[in-house]
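**Student:** Reminder that position 333 of the sequence shown reads as 335 in my numbering, one-by-one numbering, no gaps.
Ideal Cβ positions, reconstructed from N, Cα and C, are used throughout, including at glycine.
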Amino acid sequence: MRFDQELPTVTNQNLFGLSTSATLAINERSRALMDAGKKVYRFGFGQSPFPVPNSVVESLREHAHEKDYLPVQGLPALREALASFINSHTGTRFKSSQFLIGPGSKELMFLLQLSYYGELVIPAPSWVSYAPQAQIIGRHVRRLDTLPENGLLIMPDELEALCEQDPSRPRLLVLNYPANPTGTTYSEDNLRDLAMVARKYRIIVLSDEIYSELNFQDKRVSIAYYYPEGTIISGGLSKWCGAGGWRLGFFAFPEGLKRLQDAMTVCASETFTSTSAPIQYAATTAFKMGPDIQEYLKTARFILRDIGYYMHRKLVAAGITMPKPEGGFYLFPSFAAHKELFQSRGIETDRDMCQALLEEAGVALLPGVEFGCSSDLFAARLSYVDFDGAAVLEAATGKDALDDAFIETHCPQIAEGAKAICDWLKK
Ligand code: PLP
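1. Report yes if the CB atom of Gly348 is closer than 8 Å to the CB atom of Arg145, and no otherwise.
2. Can you tell me whether Leu175 is helix, strand or coil according to DSSP?
3. Bridge partners for Arg144 per DSSP, in chain order?
4. Which of helix, strand or coil does DSSP assign to Gly237?
5. For Ser86, which three-state DSSP category applies?
6. Considering only heavy atoms of the ligand PLP, does any lie closer than 7 Å to the CB of Asn29?
7. List the residues that DSSP assigns as beta-bridge partners of Gly329.
8. Measure from the alpha carbon of Gly329 to the alpha carbon of each residue in Pro293, Leu175, Ala358 and Leu299, then state which is nearest.
9. Out of curiosity, what's the CA-to-CA distance linking Trp426 and Gly400?
10. The ligand PLP and Ser107: does the residue's C-beta get closer than 7 Å to at least one heavy atom of that ligand?
11. Our contact map puts Ile235 next to Ile88 with C-beta atoms below 8 Å; I'd like the distance itself, whole angstroms only.
12. Suppose you measure from the CA of Ser240 to the CA of Leu333; what does that come to, to the nearest Å?
13. Measure the Cβ-Cβ separation of Thr323 and Ala339 and say whether it is below 8 Å.
14. With H, G and I counted as helix, E and B as strand and the rest as coil, what does DSSP make of Arg347?
15. Which of helix, strand or coil does DSSP assign to Thr286?
16. Report the partner residues of Gly104 according to the DSSP bridge assignment.
17. Which residues in the same chain have their Cβ closer than 7 Å to the Cβ of Val42, if we skip the five residues on either side of it in sequence?
18. With distance defined between alpha-carbon atoms, name the residue in Ala403, Cys413 and Asp378 nearest to Ala393.
19. Where Leu161 and Met313 are concerned, what is the direct C-alpha to C-alpha distance, given to the nearest angstrom?
20. Since Cys165 contacts Tyr118 with CB under 8 Å, what's their CB separation in whole angstroms?
21. The alpha helix (DSSP H) that contains Val58, what's its start and end?
22. Going by CA-CA distance only, name the one from Trp248, Asn29 and Ser189 that's closest to Gly153.
23. Are the Cβ atoms of Gly251 and Leu110 separated by less than 8 Å?
24. Determine whether the beta carbon atoms of Pro369 and Asp388 lie at a separation below 8 Å.
25. Pairs of beta-carbons, one from the region 283-297 and one from the region 53-68, closer than 8 Å: are there three or more?
26. What three-state label does DSSP hand Ala79 in the structure shown?
27. Give a single yes or no on whether Gly48 has its beta carbon closer than 7 Å to a heavy atom of the ligand PLP.
28. With hydrogens ignored, establish whether the beta-carbon of Gly251 is closer than 7 Å to any heavy atom of the ligand PLP.
Structure representation (structure tokens):
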């Protein structure tokens, strides 16, 4: 065979049309503009700005020599720490045997969709990866439209209306709160009522609680409390612990879904084997939530809250609409009120809008269509983490709130970026 000839590449048909596009394309273009000396406000990328807490880094250092494969299900001490952490925060009663550790919760979500055959039900908008994972595996996806007045969250009657159409259909519902991309979260009443619908139609709920520790109210509520028999909780280190690159996530399964847990454990054993040993030891320290970590989280929460509120206030004043954030580090602004202005500038879709914002104002946002929204809603995700997390964490220590002067001094990209968006609309 001659190697200068292209080899035939046969890919699974389910992959057709999928690309690593949105985030990557925006980041590449942002980088190119920055390399060309242009100022760019990087609000497109959803990563924690804060460093990993010292005690967790120290624990990783201490365990660097741990070289053996760990059990597929995960390090027993980590699963113990997770059980007491989850139970004490959500009032549930998980045992350590009900956990599965994976290299990021995203990988576990993929194995869940592979192992469970039901239709995937997700809100529009929702996180970018749920639907592509379903597509790769060949699962049907139902998106439920949401309303701004409901914080862009699924309401119980909307779920009921969907289930009524085909009551016996097996379904996997993903609820993510605080949510990416909206920054909003479900009230306890909503969760209780959603649980009633889920129970009635025997829906499996994946409660994606990866941002729970960043709920501004420091109140972890889980639908698992109301619907323990049908809820899988998902979480990890990536968002609250600043450790996205460490790749550690977990699932907590109800006892009644043991067969599903076992099926996923088989898939895990045949794919990633087990999650990195030193990371699992360090994660044990993290989830024990010592006083230093609690202090770190308390500070991180009010920093994100006050920066989120600041950005929200500035944008709302410019006629941009969006729910007020309640946790995490995202806003989901809609520029629909500026539709006519956009049309006069040749901007027809949210993608055009994000492209123009980047080229003309140096602001990187991700278009709403990537999150399942209709393109003519002119929505986008804004991730307000373009600041030096380590420096801001230090400067904010000892406080319990940030005022505008603090934000404008210590987070100049946030203040200037907000102004750049507003000025761009006025142009
Ligand atoms: N769920 C949501 C809503 C997310 O935003 C992310 C990451 O961006 C994940 C899950 C996956 O997190 P990880 O795989 O790092 O645990």
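**Tutor:** Let me spell this out:
1. It is not a contact, given that the beta carbons lie outside the stated cut-off.
2. strand
3. DSSP output for Arg144 lists Val123 as bridge partner(s).
4. strand
5. helix
6. no
7. Beta-bridge pairing links Gly329 to Asn217.
8. Leu299
9. 37 Å
10. Because some heavy atom of the ligand PLP lies under 7 Å away, the Cβ of Ser107 counts as near it: yes.
11. 6 Å
12. 19 Å
13. yes
14. coil
15. helix
16. Gly251
17. Ser32, Leu35, Met36, Gly364 and Ala366
18. Cys413
19. 32 Å
20. Contact doesn't hold; Cβ gap of about 17 Å is too wide.
21. Asn56 to Glu64
22. Ser189
23. Yes.
24. no
25. yes
26. helix
27. At least one heavy atom of the ligand PLP falls within 7 Å of the beta-carbon of Gly48.
28. yes
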